[in-house]
Each structure stands twice: as C-alpha cells, then as structure tokens.
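Top line first, the protein sequences correspond to chains Z and G.
Taking the working numbering, I'd label the letters of the first sequence as residues 1 to 738.
Taking the working numbering, I'd label the letters of the second sequence as residues 1 to 402.
Note that beta-carbon positions come from the ideal geometry of N, C-alpha and C, so glycine has one too.
All values derive from a computational prediction rather than experimental measurement.
Accompanying notes for the structure given below.
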Amino acid sequence: MAYKNFTVDVDGDGIALVTWNMPDRSMNVFSADVMTELSKIVDEVTADAKVKGVVVTSGKDTFSGGADLTMLETMGDTFKKLIKDKGEEEANKFLFEQSSAMSRTYRKLEKSGKPWVAAVNGTAMGGAFELALACHHRVVSDNPKLRLGLPEVKVGLFPGAGGTQRVPRIVPTQDALQMLFRGEALKADKALKMKLVDQIVPQDKLVETAKAWIKNGGKGVQPWDVDGFKLPGGPVFSKGGMMVFPPANAIYRRETYDNYPAAKAILQCVYDGLQLPMDLALKVESRWFANILKSKEAAAMIRSLFISMQELNKGARRPEGVAPSNIKKVAVLGAGFMGAGVAYVTADAGIEVILVDRDQAAADKGKAHVESVIDGRIKKGRATAADKEKLLARVKATANYDDIKDVDLVVEAVFEDRKVKAEVIAKVDAVIRPDAIFGSNTSTLPITSLAEMSKDRKRFVGIHFFSPVEKMMLVEIIKGKETGDKAVAVALDYVRAIKKTPIVVEDSRGFYTSRVVGTYIREGHMMLTEGVPAAMVENVGRMAGMPVGPLSLNDEVAVDLAWKILKATKADLGEVAIDPKQEALLEEMVEKRQRFGRKNAKGFYDYPEKGPKKLWPGIHEIVGEPRPAETYNVEELKQRFLVIQALETARCVEEGVITDVREGDVGSILGFGFAPFTGGTLSYIDFMGVKNFVALCEKLAGKQGPRFAPNALLKEMAAKGETFYGRFAPKKTEKAAA
Amino acid sequence: MTEAFVYDAVRTPRGRGKKDGSLHEVSTLSLAATALRAIKERNNLDTHLVDDVVMGCVDPVGEAGSDVARAAALNADYGNHVPGVQINRFCASGLDAVNFAAAQVMSGQHDMAIGGGVEAMSRVGMGASGGAWPVDPQIAVKSYFMPQGVSADLIATKYGFSRDDVDQYSVESQQRAAQSWKEGRFKKSIVPVKDVNGITILDHDEHMRPTTDMQSLGQLKPSFPQMGEMGGFAAVAIQAYPEIEAINCVHHAGNSSGIVDGAAAVLIGNAEAGKKAGLKPRARIRAFANIGSEPAIMLTGPVDVTEKLLKKAKMSINDIDLFELNEAFASVVLRYMQAFNIPRDKINVCGGAIAMGHPLGATGAMVFGTVLDELERTGKSTALVTLCIGAGMGTATIIERV
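In structure tokens, the structure reads:
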C-alpha cells in the first residue's frame, strides 16, 4: 500500500522498513493524517505473513518533533462544539476517543506479536519518543545533535501516548517522575544509561543494526507483558514506593504551587498506572490526558508558550517590505553587567562586538565578564575551549569611539542618566555610518525623548534587555514616536540572530514590561501597609504563580529605583498618579533608612554574609504590626497580584502600547514571569471571561480603591461579550509543531 | 438515653518499640489478649454478659490484620459468643473504641462491651498498612499532606513555641512519669505481660528517661528538617500557612512521643449489667465527640473537638478538673494549653507519651484509664481525655466519677 507520509519497504529477510518522511514539511510531526496512516501500517505489517519484523525510522534529519499542537487546538474546538450540540458526556467521549488514538495505535504495535525496532536517526520528542518507547528495541544514532525527551509538561500537557506508563516500567519510579516532571531533553548517552534506549550506533549503521536485532531473534514482547514482570522501582505500596510518592507529592506542590494540573496528572498516572496491568494503565492515562486537554492551563500554555512564541520568534511583527538586514558588527556601549551580557549573547551568535566604555580598564572588565560567562558554560559541559577562543576573538574591548565607525547596530547600555546618554549619543552620531541603527537599552527613559538627542530619530529605537541577559529570553523593542520601519526590522533581525524572543511596543512610561511588573511590586507594598504579614505577601505572590515575591523582586531591581520612579511619576503626572501609602513606605525605606535592596544588602530583606536572606524584622516599625493571617483571604490576595497586572496590560492595549495580544502574553511570561499557567496577562483575562474579570476588578476597586477600576476598553468588551483574542485576533502565519 | 458506666480499665506496660524492646517477642494477639484476660480475671467477669469487644489498631496488617479484636477475645477465652471488631481512627483509635463501646450501651442495643486497643509497633511497623492519604496524589496534594513531625514543627512556628518551651515541657513530662511510677499511681491499671510459664516479661514502662534535663535534650538535633527540605514538606507547610517565612524545627526524639508496644482495655456497661456482674461503677461517660480539623497542621484537632464537646455537654473549660491530652509532640499540648489557658498542673499530671510512649491504637484507652485512676487518687470528679489524630481530626471524652 502507498502512504503519503511513510514508505514501507520489505527486504529479503522479511523485515519491513517504515520510513517517516512528510512531503510538505521540513520536520516530521504527528498530524491526524500521520496517525491514521501509522495505524494502517501497523495493521498491514501485522497481517502480512511475509513480514517478520519492523524497523521504523525517519527520512528527515531529525526523527520527529512530536505532535502538531495546532491539531490539539482543532480537537478542542470540535469538543466545545459537541458540548453545545450533543451534551457534555458525548463530547467527553469524543475527546477521549480522539486523544487516546495514538496510545491505542502504539499498544496495537507493541502487542502485534512482531518485533518493532525504533531506528532513531535524530531528535525525537514527545509523541515520537513515545513511539520509540512502544517499540521492542531502540537503536539511536550517535548524531551529537540528537535529543530524546518528553517536553509536553512545558506547554501544560503530559506524555499521553504511554509515556507515563512505559518510562516508569523502564527506569525506577523516582527517576521516571523526575524526567516526566522536568520534560528535559536527554542526550543519547544519558538515555542509554537510563536504559531508555538500548544501543547507540553510527548513523550509517543505524538501520542495519536495527534489522540485525530482529534477525538475531529479538522478540516482539515487552517485558511488562510477561508474567512476573517486576517494576524497576518496586510496587507503589512497598517500602521503596513510600520513599517516592509522599515526597513526590510534596515536591510537586513545592515546584508548582499546585498551579499546573498536567504535572499533577503525571503523578496521578504513574501512581494509578503502576498498580495496573498495561492495558488498563494506558486507559487510565488516556482518561487523564483527555482531562488535561480540556484544561484552560493547557490551552493557554500551548497558545502562548508554543504557538505565539514561535510566531514571534519567526518575525510575526517584522515590518513588511524591509529587506533582511545582515548584521555583522554591533557596538555595545557601556561594559557594565548589562552591557557585558549583551556583548556575550551577541558574540555567541557569531556577530562581531565592539565593547566600549569610558576607559580601557572599564571596557576590559566587561570583556572579563564575557569570559566568565563562557567559562561557566564550559564548566557545565555546554561549550568547549575552542568555542571560548572564537567567542573572545569576536569581542573587542575599547575606549575609542573610532572603533565603532563601521558597525551595523549600536546597543547603548550606559548609566540611566539623560546627561550621560546625551554625551554618548553625540559621540556615536559623530562616527557611525548614516545607515546604522541606534538601539538604547534604557528601561526608564522614554525612547522618544532620547531620540530627540539623536541626529536621525528614524534610526533610533529602544532595545530593552532583561537581566541577566544570558538567561532572560525576552527583548522588548520600543518604538519612539518617529522610529522608522528599518530600525524596527533591524532590531527584530538582531533579536532573532541572538535567539531571543522579541516583542514590539510603543513608547510609554516603563514601556510595557516594567510598567506592568511595577504594579505587582506596588501591590506588595500596599499589602504590607494594610497589615498583611511580610512573609504572607511574599509567599502569596509565589503561590499566585509569580517566580518571586514582590518584595524580593523590589530588592533585586532596587528599592531606591522604585522610589526614583515614583518621584518622577509624581513630578510628571501629579499626586493622582501615585499612592501616598506607597510613597510613605518608599520614602522611609530609602531616605530615612537607606534600605536600597540587595545592592547594599539592606532592603525588605536582610542579606547576611552567610546563609539565606531573611525578611527584615524592622519593616513593621514602618508599616505597623501585622494583623493575624486569618484576617485575609489568601485566594483574594492571589487574585489581587494577578488582576492588577492584567488590568495594567489591558490599559496598555487601550493606549496602544501593546498592539498585538500575543506580545502582551508572551512578554508578560518571558519578561517578568507572569504566572505561565495562565498563558499571560491577557489570556488570564480571556480565560476568566472579560465579564467576570470586570466584575472582579470592580469588587476589588470597592475594597482597595480606584487602582483596580476597569478601563473603558474592558467595560466595552464585557458589554459586547468579547475576548482579547477575538477582538484583537492576531494575523496567523504558518503552522507550528512540537 | 441509657447511661454508660466504666467498670474497669487495664493496660499493659509499654515496651520499647524496637527489636531490643522487652515486648518485641510478644505478638499483637498476645498483647491484646493479655488486656482482655485481665479484665475478665480481676473482675471475675461472666463473659456471657459481654456483647462486643471493640479494639483500636492503626496498622491492622500482618499479625494485626483480619480483625484482631475477635481473635483476641477468642484467645482470652471469652467464649465463642463474644464478637470483636477492630477500628482505626489513627492515634485516637483506643479512645474511639471506648466511645464506640459506650455508644453501644448508651443506645440501649448492648448491655456491656469492652473498648480498648493494641499496637505492637516493634513488630508490625508504623505505616505498614499503607493508605491513600500520603501516597495518592489526588488527596495528598489537596490535603497538604506532610509527616506529623513537620506539622508539629508548624504548630510550634505558628503559635510561637521555642525549642526551650518544648524541651521544658518534655523534661517535666519525664519527671511526672517517673514520680507517678515511684508513687505507684499506675498500680491499679498495670497488667504485667507474662510468658507461657507465668514468668513476667515486662511490668513497667521501659521507654522512660527520668534523668532527662534541658541540657541532655539540648544536645539532640531536630528530627524533621531534612524531611522538610529534601522531602519538600516545609514548602507544603508554608503554602498552607503562607504567613510563615520558615519552619522553626524544634521537635526531636526527646520531645516527641516514643514508639512502643502495648495494649489496653476498658469495661463499659449499663447499670443493670454492672449489677449482674457484681461490679461497682467507677465513672460515667458524660459525653464524647469527634471532629475533623484543618489537615495540614493536622494536630490541632483537640482544640476544635474540645470546643465542640464542651458546647454539646453544656460545660465550660473550668468544669474540667483534669485534662489528659496525648503527648504526640510537645507543641500539641502547648498549643492546647494556650488555646484554653489551661494551667500545667491540670494537664497530663502523670506524664505522658513523651516519657512513656504512644502505642498508636492503644494509647486512647490507656490514658483513659490513667486519668480515671488519677481522679480517684486525688478525689477529683471530672476529666476530659483527648488525642490529636492524623489527617486532622480530634476525639474527646468527658468522664465523671460516680
């Protein structure tokens, strides 16, 4: 039989070679088509008496990236329609049938009686790795780029095609849980050590070795289908099991604050499944998979963290009609922590960097930081000495502005002071090419006002990095009033080159990310002044889904900076723009007590030389004794933290600071860690329902004051029954795959 | 409603719950039968009067499995007609068994019943019966499961008890237990455990360390930080009580209840059955109650159940002469005293499980007998017995001498 996505060739020994090679894709993914064909192939080779065994491989560089996540979106839409048309139980049955199809095909393959061998030639992720796990033997290529993994949990899903059952039947329960939880991609040698694969061989021996295993009598029976099979980690209810599950449950909560149902479903599937025979275990896994597919967390995370992020990475916001830029040389001005980080990521992308500071010593210090970053990577085995040599050769540290005369792009990361910036802009303008783009990494000064210092405002753009630059994946590109398309395009091309995710926002006080995260910090301050115990403010912030508490965050970005921003806001916009309680708190902290944050080891926390930081007990001298914790509703405190940020984002949309909802969401997660399970600030509103969100804002405004008052846009959307993704539907580009 | 009277209460001594403990050679069945036999023999009881034997046991598996109460009644020669039932409400099982027996009598359905409990911890092992609560993610996560030691440290942190506070309490517990033994306060209830030849195997509580002082306790390292940190349970505690920045780990082996083996039994009956048996009632069961409390902090149930019980019995905390609260962990008792403002000389006056040990399923019935003896010894009238319970529960009983 002929297939669209596969070829099946039976050799003289009766071994069928199934090669997966999708005609219209650069990478194999599981689409509805592929699944149907694979199921037919299993039936065909099982029925064909000539076939003694099967080897499955891929015709691409990689084996497969896994499931086509847009297919899951389609399934979700059909499900919603069915609920309306046929009721909930029928819809659930449909979803269960659909979402368990892959698992059933794999089980059919595994129980076909004929040996199946996976010949994994390249990276196999998600459902593709699960296919390999269902095979009776796994041979992988020594291709150094090859990775194997089950990353589903990262987008709010879990391995639902047998992954949660086969992995803990191969590796001890604790290791299995860890692998499933982390969703990490394994190198072949680690997978071999864990026994997740059986052999590593050179690429050109791959199929041959796979076939040899069959010829040498490899059996088509999995160990777990043989009577007397023993779990590698022992039974759930055993001494070993008792050492694993109670702590695993606790660690799940510690790591997720119980905000990630997919991670909990992994635990549940392993717990339930290991007490059942394989067929039933897979059925239970499928039940949970269907359940998680319906979750708003999965829908939100797939959309923002997978589909939208990929679209933004591929240049969804690049202005049309601007030729691709060829960025070969970048000047980084200011060799401090931030500038050096920018120099590192730029050089790491193969771009030549001129790192400039006011004197040679300062510039050299920045280059030394670049060196320490690559040293750290070498230590972790992620880079080699040769990489380091090449990287450092690309970075020139200098105090001489003449050295930057031929750069394509300037990234300015000097001290946040108008005078300093003006000097630097003038010096740069005096030497650079007329077509070079000037990017400022300011986080507090409006781009439009800085552009006024420049010779050519069209070529002036904000390129806002996050610290530490090596780790933070977002770059916020800010358009000043007169910033031209070319500048935006070059900035986007640059961000793409350094493999980060860009968002493009309009100029505004704090742009988008700083402005929104500032409301999180402020809410923490407000709670403190209300009498919420400081530890509760911090813990509830994390429980809401934020990566750190608001007071910790304020200590990191500096309390005096928050005070400076508040003063500037008051000066520019007047009393109404600030909160007097927050003003009093910050003034006391900064002016009277010199508590600036981590930088002087005194902030909302104390930072002893030894041991972990501790909340500063003196805070209650400023804000008064805390009231009993029982006074507060934890759920409402959590809501306040998320609602205030979502509301500020909605204001950014109304004001045109955010023009693409995907950027609002992705920017909030990558920029300041906004509760990823919500899909971002705007998805948080959409999934709650704009009407409900507006009602919640009004309730909170009644208790907390006008900072929670919903804006006109939200009220209008609520009245019309709209959503952000409906009203501001982003223009769709090509399909994405995982 | 029929009144339920207490006619007798016995207990075995408590053997160290390890392989070198004196009772390690004695099976669950033998321990339970020892207590039942004592009830029968010292009261010259016609067991035809006994309608049921209710026994608590927390890990009813292996030799303790399959309804050990029935096996023990048979083995103690109560006769074929005496049934038995084993119940489990974790640490309060023994008291609940007494309450269940009393309830049978109060309801008028039974005339006489025995409530008691048994736990051979050295033989069966704590946690041997498994169970969904700590293991099954759907309930463990939802109910903030953590080991009891972490909950005890959480109580100390939330309610402000320092390491010195809990150690001080524990030193006193040891001193009280030692003094009570010296003065023979337990004589009335203790039934020595003997071998087949009548040779005594153990006739005293062997877990006690009467010389314990602040200095010796001060040398002990806290037991639960590792569980808290490595096991992730400290984070669970903080998510349940987010006002807490860090758990203050104060509990260790010296201020927590000891692991021991033992059994106890209490004879309950209505007035008429007592008369038929020729027995004089020692006390009346005035009221009892059960409650579920917040499961994360888990061990504050005694406070909740006491409030419920006093309200039900239309009594006030001042009507109680003596309190007996199982010393699962020192912070549990300190929190209880703090909540009701109970002076130290009214609670656990003979020492408790920190000194003498906590044979899980038996303890409730044991301390029931202890406080009854003490009421009689001091001429006082009313006592309240209560225990904290796994998964957040509380059981309490008020007795009154007659």
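Three or more pairs of CB atoms, one per stretch, sit closer than 8 Å, so the stretch 122-134 of chain G contacts the stretch 11-22 of chain G. Counting every other CB atom within 10 Å of its CB across the protein chains shown gives Lys60(Z) a total of 16 or more, marking it as buried. By the neighbour-count criterion, in which a residue is buried when 16 or more other Cβ atoms sit within 10 angstroms of its Cβ, Arg163(G) is buried.
With contact defined as three or more Cβ pairs closer than 8 Å, the stretch 188-201 of chain Z and the stretch 246-257 of chain Z are not in contact. Ala101(Z) is the residue among Thr19(Z), Arg169(Z), Ala212(Z), Ala101(Z) whose C-alpha sits nearest the C-alpha of Gly160(Z).
Separation of Gln645(Z) and Gly218(Z) (C-alpha to C-alpha, rounded to the nearest whole angstrom) is 58 Å. Using a Cβ-Cβ cut-off of 8 Å, Phe145(G) is close to Pro246, Asn249, Ala250 of chain Z, given in chain order.
Look at the beta carbons and you see the stretch 633-651 of chain Z not touching the stretch 265-277 of chain Z: under three pairs across the two are nearer than 8 Å. At least one beta carbon of chain G lies nearer than 7 Å to the beta carbon of Asp258(Z). Excluding its 5 nearest sequence neighbours in each direction, Asp46(G) has C-beta neighbours in its own chain below 7 Å: Ala277, listed in chain order.
Cβ-Cβ separation between Gly541(Z) and Pro550(Z): approximately 5 Å, consistent with a contact (criterion under 8 Å). In this structure, Val166(G) keeps its C-beta atom at 7 Å or more from the C-beta atom of Gly228(G).
In this structure, Ser683(Z) lies away from Phe674(Z), with their beta-carbon atoms at least 7 Å apart.
Closest option to Asn43(G), judged by alpha-carbon separation, among Ile114(G), Glu374(G), Ala235(G): Ile114(G).
Each of Lys294(Z), Asp258(Z), Leu109(Z), Val55(Z) was checked against the Cα of Leu82(Z), and the nearest Cα belongs to Lys294(Z). In the three-state reduction of the DSSP assignment, Arg457(Z) falls in the helix class. Boundaries of the alpha helix (DSSP H) around Asp485(Z): 485-497. Exposed is the label assigned to Glu88(Z), since fewer than 16 other Cβ atoms lie within 10 Å of its Cβ.
For the pair Ser112(Z) and Gly220(Z), the Cα-to-Cα distance works out to about 7 Å. Beta-bridge analysis with DSSP links Ala385(Z) to no other residue. In the assembly as shown, Ala393(Z) is an exposed residue. Its beta-carbon has fewer than 16 other beta-carbons within 10 Å.
Chain Z places no beta carbon closer than 7 Å to that of Ala128(G), leaving this residue out of the contacts.
The stretch 285-297 of chain G and the stretch 178-193 of chain G do not touch, with fewer than three beta-carbon pairs separated by less than 8 Å.
Under the Cβ criterion of 7 Å, Ala161(Z) is not counted among the residues facing chain G.
When DSSP reads this structure, Gly56(G) sits in a beta bridge with Ile87(G), Gly117(G). Secondary structure at Glu3(G): coil, using DSSP grouped into helix, strand and coil. For Ala629(Z), a Cβ of chain G is located within less than 7 Å of the residue's own Cβ.
Residues of the stretch 528-543 of chain Z with a Cβ closer than 7 Å to any Cβ of chain G, in chain order: Pro533, Ala535, Met536, Asn539, Val540, Met543. Ranked by Cα distance from Val135(G), the options Val557(Z), Ser372(Z), Lys264(Z), Glu587(Z) are led by Lys264(Z). In terms of beta-carbon proximity, Val26(G) stays away from the interface with chain Z, with every pair separated by 7 Å or more. Cβ neighbours of Glu588(Z) within its own chain (closer than 7 Å, five residues either side excluded): Ile622. Under the Cβ criterion of 7 Å, Pro137(G) is counted among the residues facing chain Z.
Residue pairing of Val140(Z) in beta bridges, as defined by DSSP: Val120(Z), Ile200(Z). Under the three-state reduction of DSSP, Lys614(Z) is assigned to strand.
Under a criterion of Cβ atoms nearer than 9 Å, the residues of chain G adjacent to Met242(Z) are, in order, Gly127, Gly130, Pro134, Val135. For a cut-off of 8 Å, the C-beta gap from Ala391(G) to Pro295(G) is around 5 Å, short enough to register as a contact.
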